[in-house]
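Residue numbers (the numbering used here): 292 to 503. Glycine included, each C-beta is placed from N, C-alpha and C at the ideal position. Here the structure is a predicted model, which is why all the values come from computation and not from measurement.
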């Protein structure tokens, strides 16, 4: 039985090509895309998002590795919430984390360690339920959760209406004179549903492709 909560490229592309001629042309122009495996566990994925917030990839990557080193691990390994919580703020700060990010990772760790958040809940909750629960965590906003839904949980119908890259691509591809407001993004994206995630993947990728 197919899990309709996880997108598959072929299924989504068939819908999008039929539903939106502009997007159909974009898909043809961009060509095949590869969607990387989901990778880390949910706690790791969200912790990484917090660490990488508002930093260049190089700087964030260095801090991420220093954070791992606090626990004597590297590569794909990552500490559990129960390993993180006993560390002092000073120890976490030594890895390069700001005080604000320390507070965020602590709060996230407490939510996971208590069982309030976890894989089982994410498997049963709808997208908006996940957004509601995760945005209660300090320092985690809606956009961060939308990226988690798309790239970790691989939910099929996520449309981040405030994403700069998506809005810029929509303006260019749909011939708009200005960046679209959230309501306009929702209207343009309505035909994509329930496959908005793959539409967004193509819109992001299209920024690196010249308009014919």
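What residue does the alpha helix (DSSP H) around residue i start on, and which one ends it?
i	result
residue 392	390-404
residue 500	Here residue 500 belongs to no alpha helix (DSSP H), and DSSP marks it neither H nor E.
residue 306	300-310
residue 369	Premise fails: residue 369 is in no alpha helix (DSSP H) and is neither H nor E.
residue 458	455-464
residue 337	333-343
Go through its chain and collect everything with a Cβ distance to residue i's Cβ below 6 Å, but skip five positions before and after it.
i	result
residue 441	449, 488
residue 429	394, 395, 398
residue 425	431, 436
residue 470	458, 462
Closer than 9 Å, CB to CB, is residue i near chain D or not?
i	result
residue 491	Among the protein chains of the structure shown there is no chain D, as only one such chain exists.
Pick helix, strand or coil for residue i, following the three-state DSSP scheme.
i	result
residue 426	coil
residue 323	coil
residue 356	helix
Taking all protein chains shown into account, do 16 or more other C-beta atoms lie within 10 angstroms of the C-beta of residue i, making it buried, or fewer, making it exposed?
i	result
residue 348	exposed
residue 437	buried
residue 340	buried
residue 333	buried
residue 458	buried
residue 372	buried
residue 480	buried
Hey, out of the options, whose CA is closest to residue i's CA?
i	options	result
residue 301	496, 490, 495	490
residue 498	318, 414, 381, 312	318
residue 257	500, 486, 411, 355	This structure leaves residue 257 out entirely; the chain is present only between 292 and 503.
residue 494	379, 307, 335, 406	307
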